[in-house]
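Working notes, beginning with the structure itself.
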Amino acid sequence: LDVTINQADARAGGQDTVTIIYEVPEEAWVGIGFSNNGGLMVGSEAVLGQPDEGVVQKWILSSKAGIEPMPDAQQTLIEPSIVQQGGITTLQFTKILEEPGEIPIIIGPNTFLGAYGSSNVLGYHAARLPIELDLLNGNPELPSPPDGATIPPGGQAGGGVVALQGGLAGATLDVTINQADARAGGQDTVTIIYEVPEEAWVGIGFSNNGGLMVGSEAVLGQPDEGVVQKWILSSKAGIEPMPDAQQTLIEPSIVQQGGITTLQFTKILEEPGEIPIIIGPNTFLGAYGSSNVLGYHAARLPIELDLLNGNPELPSPPDGATIPPGGQAGGGVVALQGGLAGATLDVTINQ
Numbered sequence: 164l165d166v167t168i169n170q171a172d173a174r175a176g177g178q179d180t181v182t183i184i185y186e187v188p189e190e191a192w193v194g195i196g197f198s199n200n201g202g203l204m205v206g207s208e209a210v211l212g213q214p215d216e217g218v219v220q221k222w223i224l225s226s227k228a229g230i231e232p233m234p235d236a237q238q239t240l241i242e243p244s245i246v247q248q249g250g251i252t253t254l255q256f257t258k259i260l261e262e263p264g265e266i267p268i269i270i271g272p273n274t275f276l277g278a279y280g281s282s283n284v285l286g287y288h289a290a291r292l293p294i295e296l297d298l299l300n301g302n303p304e305l306p307s308p309p310d311g312a313t314i315p316p317g318g319q320a321g322g323g324v325v326a327l328q329g330g331l332a333g334a335t336l337d338v339t340i341n342q343a344d345a346r347a348g349g350q351d352t353v354t355i356i357y358e359v360p361e362e363a364w365v366g367i368g369f370s371n372n373g374g375l376m377v378g379s380e381a382v383l384g385q386p387d388e389g390v391v392q393k394w395i396l397s398s399k400a401g402i403e404p405m406p407d408a409q410q411t412l413i414e415p416s417i418v419q420q421g422g423i424t425t426l427q428f429t430k431i432l433e434e435p436g437e438i439p440i441i442i443g444p445n446t447f448l449g450a451y452g453s454s455n456v457l458g459y460h461a462a463r464l465p466i467e468l469d470l471l472n473g474n475p476e477l478p479s480p481p482d483g484a485t486i487p488p489g490g491q492a493g494g495g496v497v498a499l500q501g502g503l504a505g506a507t508l509d510v511t512i513n514q
């Protein structure tokens with residue numbers, strides 16, 4: 164990913180623009196999106212390149228099932244191109260930073276979305292990546308990115324082990340629904356066993372905001388203290404345990420043996436003032452630290468888990484991006500990782 168800012172760009176009537184070069188080690192359609200909703204696809208906008216047609220256009224990402232190109236009056240890209248050579252697809256274009264009715268690109272922090280397909284035919288992405296890119300100050304430290312999860316058949320209400328991948332490769336998640344659980348006064352509960360191949364604090368979160376940490380809730384296990392509690396994830400800098408009245412976990416435990424940490428607990432599905440777990444689609448968050456001392460996670464994973472129908476096909480998950488020094492307003496190539504390993508994105512602001 165190569166990004167360059169062009170100030171007072173003559174090609175845009177003196178408006179500031181950004182030149183983006185996005186290179187992917189696949190022969191497929193490619194796209195770069197712009198988000199103002201935390202990196203979610205739906206509600207964002209994108210520039211998509213279709214190699215067979217030789218077309219590069221701006222699109223509205225109105226839903227996962229249906230997207231549409233912007234009207235002709237908004238197709239204002241400068242010198243767009245899509246080229247394939249030697250198994251590599253390269254998308255290049257220059258875009259005005261602020262355009263009426265569109266998500267602005269600012270000389271400061273932005274959330275971009277990188278994606279590509281499994282072929283040249285425009286369809287569901289084979290990989291997708293949210294990229295936090297600061298075009299003013301750079302990104303000396305990126306937050307630990309989420310990776311992917313594989314949910315095997317049977318990993319729903321009847322129980323079953325989910326084999327996690329990406330940053331949580333080697334970890335497993337076992338989820339079982341207990342209907343009319345006598346231990347909870349006849350309420351439905353869920354039993355979760357989360358096993359991580361590290362000796363560290365571990366946590367399972369519950370999200371209703373698309374998998375973002377902030378605003379979610381979690382059960383965290385601290386091995387040294389032998390404590391398993393429910394927490395409120397109020398901010399990246401500060402989280403806090405729920406009040407004692409809400410510490411209603413059943414038979415919680417945190418055990419370490421042979422380099423493996425196992426968190427186990429049973430939780431009531433619907434509790435007042437908390438994010439519910441439903442017998443249907445849920446977004447869980449898996450995480451663990453770099454030691455037993457509770458602190459910033461070493462790895463984090465959003466997991467789309469349907470406790471009714473299972474997940475025969477998961478959407479391609481986001482992964483991580485590494486932004487080298489100098490990869491901000493002055494230009495520079497961003498080397499992408501995770502699901503987009505091998506791809507590069509070059510962004511330049513043209514003032």
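Going left to right, the sequence shown walks through residues 164 to 514 as our numbering numbers them. Where a beta carbon is used, it is the ideal one built from N, C-alpha and C, also for glycine. No experiment lies behind these values; they were computed from the predicted model shown.
- Three or more beta-carbon pairs separated by less than 8 Å are not found between the stretch 173-184 and the stretch 348-358, which leaves the two stretches without contact.
- Excluding residues up to 5 positions away in sequence, ALA209, LEU211, ALA278 lie with their Cβ nearer than 6 Å to the Cβ of GLY194 in the same chain.
- The beta carbon of MET376 sits closer than 6 Å to the beta carbons of LEU396 from its chain, once the five residues preceding and following it are set aside; these are given in chain order.
- Proximity of the stretch 448-465 to the stretch 404-415 falls short of the contact definition, fewer than three beta-carbon pairs being nearer than 8 Å.
- With respect to the 8 Å criterion, VAL338 and LEU470 are classified as neighbours on the basis of their beta carbons.
- In terms of Cα proximity to LEU448, the closest of GLU467, GLY436, LYS430 is GLU467.
- Straight through space, the alpha carbons of LEU383 and GLU361 are spaced by roughly 15 Å.
- Counting only residues of its own chain and dropping the five nearest sequence neighbours on each side, VAL391 has a CB closer than 7 Å to the CB of VAL382, GLY384, LEU412, PRO415, SER416, ILE417, LEU426, PHE428.
- A residue is called buried when at least 16 other Cβ atoms come within 10 angstroms of its Cβ; LEU331 meets this threshold and is buried.
- In this structure, GLN419 lies near PRO386, with their beta-carbon atoms less than 8 Å apart.
- Taking all protein chains in view, the Cβ of LEU299 is surrounded by fewer than 16 other Cβ atoms within 10 Å, so the residue is classified as exposed.
- Less than 8 Å divides the Cβ of GLY217 from the Cβ of ILE245.
- Excluding the 5 residues flanking it on each side, VAL359 has same chain C-beta neighbours closer than 6 Å at ALA334, VAL365, THR424, TYR451, in chain order.
- In the three-state DSSP reduction, LEU331 falls in the helix class (H, G or I).
- Residue environment: GLU189 is assigned as buried (16 or more neighbouring CB atoms within 10 Å of its CB, all protein chains considered).
- Its chain contains VAL377 as the residues whose beta carbon lies nearer than 7 Å to that of SER398, once the 5 sequence neighbours on both sides are disregarded; these appear in chain order.
- In this structure, the straight-line span from the alpha carbon of ILE259 to that of VAL187 is close to 23 Å.
- Of the candidates TRP394, TRP222, TYR459, LYS430, LYS430 places its Cα closest to the Cα of ALA343.
- With respect to the 8 Å criterion, ILE241 and THR253 are not classified as neighbours on the basis of their beta carbons.
- The closest CA to that of SER454, considering only GLU295, GLU403, ASN445, GLU388, is found on GLU388.
- Here SER370 is bridged, per DSSP, to THR446.
- For ALA289, the secondary structure class from DSSP, reduced to helix, strand or coil, is coil.
- Take the alpha-carbon of PHE275 and the one of VAL284: they are about 22 Å apart.
- Between GLY368 and PRO293, the CB-CB gap reaches or exceeds 8 Å.
- Distance between GLY249 and GLN213, taken at the CA atoms: about 17 Å.
- If you draw a straight line from the Cα of ASN273 to the Cα of GLY229, it is about 25 Å long.
- Rounded to the nearest angstrom, the Cβ distance from SER226 to ILE266 is 17 Å, too far for a contact under 8 Å.
- Counting every other CB atom within 10 Å of its CB across the protein chains shown gives ALA290 a total of 16 or more, marking it as buried.
- ASP469: member of the beta strand (DSSP E) spanning 462-469, first to last residue.
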